[in-house]
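Reading the sequence shown from the start, the letters are residues 1 to 96 in the UniProt record's numbering. Every residue gets a Cβ at the ideal spot worked out from N, C-alpha and C, and that includes glycine. Quantities reported herein were computed from a predicted structural model and do not represent experimental measurements.
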Amino acid sequence: MSQTNLNESIHDIQLIISSITGMTLDAPPSLIITFNIYSNTSGISVVVWEDTVGGKTLLHKTVYLNWKNALEDAVELESKLAELIIEARDNAEVAA
């Protein structure tokens, strides 16, 4: 990978991290989301579970930013998180 492509990829991943942060802060109350950044492994981790007594885990994914497929993994994580948030909001509207 050329240095230009690497810099573009890092910038794209930073934008995705920013997006995930925003989605986490704006998530509906029916979801509990943790978003962690690990400096020692250059990774990010997202865990999502239902805010119920059973607390079913809906998503648990770690993306290592120094791996070859980091951009694709980050996009996949962002997409799955968005789907869960949209579904939770739709369910809240139906229940209301």
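{"Check": "Among the candidates 14, 95, 31 and 19, whose CA atom is the shortest distance from the CA of residue 53?", "Outcome": "31"}
{"Check": "Go to residue 36, then tell me how far its beta strand (DSSP E) extends in each direction, as first and last residue.", "Outcome": "31–38"}
{"Check": "Compare the Cα-Cα distances from residue 63 to each of 19, 77 and 23 and report the closest residue.", "Outcome": "77"}
{"Check": "For residue 90, which option in 47, 28 and 59 has the closest C-alpha, if you only look at C-alpha atoms?", "Outcome": "28"}
{"Check": "Report the option in 95, 81 and 87 whose CA atom is closest to the CA atom of residue 17.", "Outcome": "81"}
{"Check": "Spatial neighbours of residue 75 within its chain, please: CB distance less than 8 Å, with the 5 preceding and 5 following residues excluded, ordered by chain position.", "Outcome": "16"}
{"Check": "Buried or exposed: where does residue 46 fall if 16 or more other Cβ atoms within 10 Å of its Cβ makes it buried?", "Outcome": "buried"}
{"Check": "Determine the burial state of residue 73: buried for a count of at least 16 other Cβ atoms within 10 Å of its Cβ, exposed for fewer.", "Outcome": "buried"}
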